[in-house]
Amino acid sequence: MKEFDKFWNSLPQEMQEYLKKCVKKSETEEQFISEIMVGDCPECGNSNTIDCDDIDGVEDPTLGLCKECGFFWCIECGSQLFSNFNCGHWKICEQCKESKDEFGFCGIMAWECEHIEEWLNKDAVATLENICAWCKKEIPEEAEVFGFGAKAKKGVNIKGKEGNIIPLLLIKTNREVSAIVVTKDSQAKKEGYDFMFMTCSQKCTKSLKTALNTETKLFDDVG
């Protein structure tokens, strides 16, 4: 008990408060471990999450799974995963020239590494190009993609974001969608649009258009 007290007192006050909070929120040992090692779901914010150490076919404690919405991600760097269980940030680590210990660790956590952050930014754009803006499902390479444009309301600042994919929070529906900010030389811009949205089906297109049309402070016209 004395050893525990010594260890506990050595922890920063913020860490002590965090651990106390985790204990209060957890009804079982599994929930407590999830609170400490996994945390809340990055997608829906629910605390009903687990690591994938005991999941057949995955068996990796560095991957997290939300039991509520099914979101699957790398706990180390926060990157969302789909069908690939091997997060791409490990390849960045392997190729890195930083000196490492016998376990291959350089001393910099994944979420603090500038090389991984750069990779995450590039990977996010490439990934979002293949994700439905409405339902968030992955669009297979051979599948038909549905796209349409929208004109931004005067005063909406998108300067310097041309060619990027940005998140837009739709207040009326409390939903975040991904929008492509068109470039000045694109056909969409010539047609008067500032954003392009990609969806996986006509159903998602209709739902997204309906939601966008309610955001009168963001858009003047939805194609």
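In terms of my numbering, the sequence shown opens at residue 194 and continues consecutively. Yeah, the Cβ is synthetic: ideal placement off N, Cα and C, and Gly gets one too. Predicted, not measured: the structure shown is a model, and the values here were computed from it.
Quiz prompt | Whether W266 touches P235 by CB criterion (7 Å) | solution = A distance below 7 Å separates the beta carbons of W266 and P235.
Quiz item: Counting Cβ pairs closer than 8 Å, one from the stretch 243-261 and one from the stretch 293-300, do we hit at least three?
Solution: With a cut-off of 8 Å, the stretch 293-300 and the stretch 243-261 do not count as touching, because too few Cβ pairs lie within range.
Self-check item: Extent of the continuous alpha helix (DSSP H) to which I285 belongs
Solution: 282-288 is the extent of the alpha helix (DSSP H) around I285.
Quiz prompt | Rounded separation between F412 and K290 - CA only | solution = Between the alpha carbons of F412 and K290 lies a distance of about 47 Å.
Quiz item: In terms of DSSP beta bridges, what is S240 paired with?
Solution: Its beta-bridge partners do not exist; DSSP assigns none.
Quiz item: Thinking C-alpha only, which one of G271, G232, P360 is nearest M302?
Solution: Of G271, G232, P360, the residue nearest in Cα terms is G271.
Self-check item: The alpha helix (DSSP H) enclosing L401, as first and last residue numbers
Solution: From DSSP, the alpha helix (DSSP H) with L401 extends over 395-406.
Practice problem: For the alpha helix (DSSP H) holding K382, just list the boundary residues, first then last. | Solution: Segment 380-383, the alpha helix (DSSP H) holding K382.
Quiz item: Since I243 contacts V231 with CB under 8 Å, what's their CB separation in whole angstroms?
Solution: Your pair I243 and V231 checks out as a contact, with CB atoms roughly 6 Å apart and the cut at 8 Å.
Quiz prompt | Beta-bridge partners of S371, as assigned by DSSP | solution = P360, per the DSSP bridge assignment.
Quiz item: Which residues share a DSSP beta bridge with K213?
Solution: Looking at the DSSP assignment, K213 forms no beta bridge with any residue, so it has no partner.
Exercise. Taking 7 Å as the cut-off, decide whether the C-beta atoms of A343 and F388 are in contact.
Key: A contact, by the Cβ cut-off of 7 Å.
Quiz item: Distance, Cα to Cα, K355 vs M391?
Solution: Correcting the residue identity first, residue 355 is Glu in this sequence and not Lys. One Cα belongs to E355, the other to M391, and the distance between them is close to 16 Å.
Self-check item: Residue environment, I359, which counts as buried when at least 16 other CB atoms sit within 10 Å
Solution: Result: exposed.
Quiz item: Do A326 and T366 come within 7 Å of each other at the CB atom, strictly closer than that value?
Solution: Annotated as distal: T366 and A326, with beta-carbon spacing of 7 Å or more.
Quiz prompt | Own chain, CB closer than 6 Å to C245, minus 5 neighbours either side, in chain order | solution = Here C245 has V251, D253, L256, L258 as same chain residues with Cβ atoms under 6 Å from its own Cβ, once five neighbours each way along the sequence are excluded.
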